[in-house]
Amino acid sequence: MNTLIIYGSQYGTTKRYAEKFAEMTHFPVIGYEDIKTLADYERIIYFGALYASGIKGLKSTVKELSPNTKLIVVTVGLADVSDTENIKNIRNSVRKQVPEHLLKSLSVFHLRG
Numbered sequence: 024m025n026t027l028i029i030y031g032s033q034y035g036t037t038k039r040y041a042e043k044f045a046e047m048t049h050f051p052v053i054g055y056e057d058i059k060t061l062a063d064y065e066r067i068i069y070f071g072a073l074y075a076s077g078i079k080g081l082k083s084t085v086k087e088l089s090p091n092t093k094l095i096v097v098t099v100g101l102a103d104v105s106d107t108e109n110i111k112n113i114r115n116s117v118r119k120q121v122p123e124h125l126l127k128s129l130s131v132f133h134l135r136g
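24 is the number of the first residue of the sequence shown in my numbering; add one for each residue after it.
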């Protein structure tokens, strides 16, 4: 499966997570601002900085994805992931930014940052 790691980072923590994951998996990595096309990828792993307003760069990145694309979103933020209410809020925030046609294949994870 042709995979691309994309990140949206404000202060650098999310970028470091994405680059380390790319190093471990040997998948290519790119900042969301530098994307030219996503048509060649069957799976997108999106690392995004988590804020009250949403995940940095996620909405603009995923709007062009085909319904056949597998989307994995990894949020990076200060939210306590041992708190079930926080997890619920993170997942709801992600779902608000992802088009309906991608929700079926969506996986969400959270890292502290």
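Glycine is no exception: its CB is placed at the ideal position from the N, C-alpha and C atoms.
Along the chain, where does the alpha helix (DSSP H) containing residue i start, and where does it finish?
i   : result
F50 : From DSSP, F50 is part of no alpha helix (DSSP H); its letter is neither H nor E.
T84 : L81 to V85
Go through its chain and collect everything with a Cβ distance to residue i's Cβ below 7 angstroms, but skip five positions before and after it.
i    : result
R118 : L126
T84  : I29, Y55, I58 and Y69
L88  : L61, I67, L94 and L125
L73  : T98, V99, G100, A102 and I113
N138 : The structure shown does not extend to residue 138, since the chain spans only 24 to 136, so no value can be given for it.
Taking the C-alpha atoms as reference points, what is the distance between residue i and residue j?
i    : j    : result
T201 : R66  : In the structure displayed, the chain extends from 24 to 136; residue 201 sits before or after that span and is not available.
T37  : V99  : 6 angstroms
P51  : V131 : 20 angstroms
T92  : D63  : 10 angstroms
S42  : I53  : The sequence given here has Glu at residue 42, not Ser. Each residue's Cα considered, the two are about 9 angstroms apart.
A45  : L129 : 20 angstroms
N115 : H49  : 30 angstroms
G35  : G80  : 14 angstroms
Against chain C, does residue i count as a neighbour if the rule is that its beta carbon must be under 8 angstroms from one of theirs?
i   : result
F50 : Looking at the structure shown, chain C is missing, and only one protein chain is on hand.
Could you check how far apart the C-beta atoms of residue i and residue j are, in whole angstroms? I think they sit under 8 angstroms.
i    : j   : result
Q120 : I78 : 6 angstroms
Once the 5 residues before and after residue i are set aside, which same chain residues still bring their CB inside 8 angstroms of it?
i   : result
Y40 : Y30, F70, V97, V99, L134 and G136
N25 : D63, Y64, E65 and R66
Unbroken beta strand (DSSP E) runs of length 3 or more, entirely within the region 25-108: which are they?
Runs of the beta strand (DSSP E) inside the region 25-108: 26-31, 52-54, 66-74 and 93-100.
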